[in-house]
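If you use numbering that gives the first Met the number 0, the sequence shown corresponds to residues 0 to 229, in order.
No residue lacks a Cβ here, since even glycine has one placed at the ideal position from N, Cα and C.
Step one of this worksheet: look at the structure below.
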Amino acid sequence: MKTLQLIIASSIILFLSIHSGLQAQTSIGFYTGLSTPSEQINNVYNTDSLMADNFIGRMKRNAVNLGYHVGVRLRFALGDDLVFMGGLSLTRFPQSKIYVSVPNGTQGDSIRATLTTTQNVIPIGVGLNYYLTRKVLGIYGIGELTYNYLTNSIDAEYNGAPIPLDNSPTYNRVGFGLGAGMDIDLKLLTLNLEGKYNLVNFIGSEDGEKSKSFVTLSIGVYFGSTSTAK
């Protein structure tokens with residue numbers, strides 16, 4: 000938690016510092032929206048098998064529920080059609096179930112534990128927006144590189160003896176985002192609509208770890224302008 004608070008505080012200071020120096024062509028914005036996860040987002044141990052002291056089991060995961068995200072982003076113009084952007088966000092996926100089972104002879108598998116999990120993805124991202132048009136309506140493509148902090152919280156219910164588990168697995172990965180968006184310039188502020196595909200473990204994944212991704216649809220508002228005179 001202290002690390003997250005430090006990241007947030009540092010980002011705010013950076014945003015304000017850059018904004019004061021580039022105020023004429025800089026904007027800061029806030030956004031929120033829905034996040035649609037891939038089936039691997041709640042693969043909290045990055046494997047379909049669970050191995051602990053004197054225990055080997057199989058895990059079956061339910062589909063992950065639709066999530067949400069909130070974020071803050073700084074944008075400043077690099078030219079007529081190119082805008083740098085950087086920011087911090089939180090994506091949260093609500094509770095999903097994982098069932099841990101072991102073979103039970105001819106009677107099939109026996110469920111030994113039911114895990115209720117929640118996933119948080121905290122991306123710190125930098126990237127570029129390339130604008131196809133920049134008048135009242137701005138349409139752009141986006142490319143972004145992200146450093147992702149992934150945290151999981153797990154509540155376990157056991158049938159029989161408890162299994163020694165990590166109840167809060169946490170790890171870091173490097174990923175990227177690709178998408179498109181639209182700005183509506185209202186002079187005093189800019190309304191924004193954006194869709195983006197986010198791959199969170201492109202670099203740094205463990206052996207056998209499958210790709211984890213989610214798609215975001217965001218609405219936001221930006222204060223200031225990144226538009227150069229045209």
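### Message
By the three-class DSSP mapping on this structure, what secondary structure does residue 24 have?
### Response
helix
### Query
Is residue 94 helix, strand or coil when you go by DSSP?
strand
### Message
Short of 6 Å in beta carbon distance, which residues of its chain neighbour residue 154, apart from the five on each side in sequence? Order them along the chain.
### Response
115
### Query
Can you give the Cα-Cα distance for residue 20 and residue 58, rounded to whole angstroms?
A caution first: residue 20 carries a pLDDT of 48, below 50, which makes its placement in the model unreliable, though a value can still be read off. One C-alpha to the other measures close to 53 Å.
### Query
Run through DSSP, which three-state label would residue 82 get?
strand
### Task
Just the C-alpha distance for residue 203 and residue 148, rounded to the nearest angstrom, thanks.
12 Å
### Message
Please state the DSSP three-state secondary structure of residue 100.
### Response
strand
### Query
Under a Cβ-count criterion, where at least 16 other Cβ atoms within 10 Å of its own Cβ denotes burial, should residue 120 be classed as buried or exposed?
buried
### Message
For the pair the stretch 123–135 and the stretch 32–52, tell me if three or more CB-CB distances fall below 8 Å.
### Response
no
### Message
For residue 153, list the residues DSSP reports as bridge partners.
### Response
116
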